[in-house]
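Heads up, the sequence shown is in the working numbering, so the first residue is 1 and it goes up one at a time.
Built from N, CA and C at the ideal position, the CB exists for glycine as well.
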Amino acid sequence: MFAQLRQAAAEAVAQMAWLTPAARAEAAAKVARMTAKVGYPAAWRDYGALEIRRADALGNRDRARRHEWLRLAALSGKPVDRQAWAMSPLEPNAFYDPMLNQINLPAGILPAPFFDAKADDAANYGGIGTLIAHEISHAFDSNGAQFDSRGVQRDWWSAADHAAFDALTTQVVARFDAIEVLPGARVNGKFTLPENMADLMGLQLAWRAWRSLPETGQASGGAERFFPAYAQQWAAKRRDERTRQLLASDPHAPPSLRANFPAMQLDGFHETFGTREGDAMFVPAQDRLRVW
């Protein structure tokens, strides 16, 4: 699936008209060199020197921290281990490392509802596929774009590239700034921009990858499984007080927006569910935000 999504990203980059040819070439190289770590590390860390005492919780924490500090200090001056894991395999999360140009998908994020071996491609591309595509997209958001295909932090965009990207992100920021989640509480479009861009680009990319498969399941209502699988990832129930707190501190938009807003920008969503003017999730075609 990662290979299929990476191929879809390569095709999308080739069609990014707002990038200059030089920047598009480097973006293509970045996609081509991108790798993924899935599940768990090939070699586990050695904790043999870490002393654990049954009746000393605080001491165990201090010794564990010292053990980790010594491990990291020992890496100084040595070549970068591209196979080292920075996240526990049990973590139900994923992330993109711009310095390694690498995606990390721990085992904790692989069970349902993200991935289900018994489900069809439509559901799995809508689930784990959109999550992988979200991480791929971080390579080209306002943070990831500061690193080139080899993970070197440098400005590989021209002034024209920056201007085009700024014009696009200004629209995204404005759209989110206008959303009132609770009375008097709005999304901070600038603060949440990197994650909002990755959500937008990720859904568009996963949709593109799924549609490019030899058998997409269209005849059996595949698209009607793709979008619910995507939305199910963001099912959540929060108190209003917690929502207000996170609006001021979380770089992600609220879960309901992460489910709905990207879908509302995708032509395929409107075609699948036949939305029309007056529907809550309808967005006129000319107003839909397209990144890829």
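Beta-ladder partner(s) of residue i, from DSSP
i      : result
Tyr96  : Ile103
Lys37  : Asn104
Phe269 : Phe269 is not bridged to any residue.
Phe301 : Given that the chain is displayed from residue 1 to residue 292, the structure contains no residue 301 and the question cannot be resolved.
Own chain partners of residue i with C-beta closer than 6 angstroms, once the 5 adjacent residues on each side are dropped
i      : result
Gly39  : Ala107
Ser128 : Correcting the residue identity first, residue 128 is Ile in this sequence and not Ser. So the qualifying residues of the chain are Phe114, Phe115.
Glu195 : Pro251, His252
Trp18  : Ala164
Ala259 : Ala231, Trp234
Ala29  : Ser149
Lys323 : This structure gives no information on residue 323, because the portion of the chain shown stretches from 1 to 292.
His67  : Leu50
Sequence-distant residues of the same chain with beta carbon closer than 8 angstroms to residue i, five excluded per side
i      : result
Arg71  : Arg45
Thr169 : Ser142, Leu193, Met197
Phe227 : Gly126, Ala263, Phe269, Thr272, Phe273
Leu90  : Pro106, Ala107, Gly108
Thr243 : Val181, Leu182, Ala185, Pro254
Leu36  : A small fix is needed here, since residue 36 is Ala in this sequence, not Leu. Counting only Cβ-Cβ distances below 8 angstroms, and skipping sequence neighbours, we find Phe2, Gln102, Ile103, Asn104, Leu105, Ile132.
Ala43  : Gln83
Ala14  : Arg24, Ala28
Pro284 : Glu277
Burial state of residue i, where buried means 16 or more other Cβ atoms lie within 10 Å
i      : result
Val80  : exposed
Pro41  : exposed
Met34  : buried
Leu75  : exposed
Tyr47  : exposed
Phe222 : One detail in the question is off: residue 222 reads as Gly in this sequence, not Phe. Buried.
Arg65  : exposed
Ile109 : buried
Lys237 : exposed
Asn93  : exposed
Asp267 : exposed
Arg239 : exposed
Ala73  : exposed
Arg276 : exposed
Phe147 : buried
Trp69  : exposed
Ala280 : exposed
Ala209 : buried
Pick from the options that is closest to residue i, judged by C-alpha positions
i      : options                        : result
Ala8   : Leu19, Leu266, Ser137          : Ser137
Met1   : Ala167, Gly151, Glu277, Ala133 : Ala133
Asp97  : Ala231, Arg82, Pro89, Leu75    : Arg82
Leu193 : Ala178, Val172, Val181, His67  : Val172
Arg211 : Tyr125, Arg61, Arg150, Asp279  : Tyr125
Leu200 : Ala235, Glu215, Met264         : Met264
Gln153 : Ala145, Met16, Arg63           : Ala145
Ile103 : Ala112, Val181, Ala84, Asp120  : Ala84
Asp155 : Leu289, Ala27, Gln15, Arg290   : Ala27
Met99  : Ser220, Ala139, Ala112         : Ala139
Gly189 : Ala49, Phe282, Phe261, Ser88   : Phe261
Ala122 : Phe95, Asp177, Ala14, Ser220   : Ser220
Arg175 : Leu257, Arg276, Leu50          : Leu257
Ala167 : Ala22, Val31, Leu289           : Leu289
Asp177 : Trp157, Leu247, Glu224         : Leu247
Cutoff 7 angstroms; reference residue i; Cβ partners in own chain excluding five residues on either side
i      : result
Leu205 : Leu5, Ala8, Ala9, Ala12, Ala133, Ile136, Ser137, Trp292
Thr130 : Gly202, Leu203, Ala206, Tyr230
Arg53  : Gly59, Asn60
Ala160 : Thr20
Residue i Cβ short of 6 angstroms to the ligand FAD heavy atom set
i      : result
Ala198 : In the structure on display, the ligand FAD does not appear, and there are no ligands present to speak of.
Cβ of residue i within 7 angstroms of any chain E Cβ
i    : result
Gln7 : No chain E appears in the structure shown, which is made up of a single protein chain.
**OP:** Report the residue ranges of all alpha helix (DSSP H) runs contained in full by the region 154-209; include only those spanning at least 4 residues, in chain order.
**Re:** 159-177
Subject >> beta strand (DSSP E) runs wholly inside the region 11-93, at least 3 long, in chain order >> reply: 35-39
Subject >> alpha helix (DSSP H) runs contained entirely in the region 241-269, provided each spans 4 or more residues >> reply: 255-264
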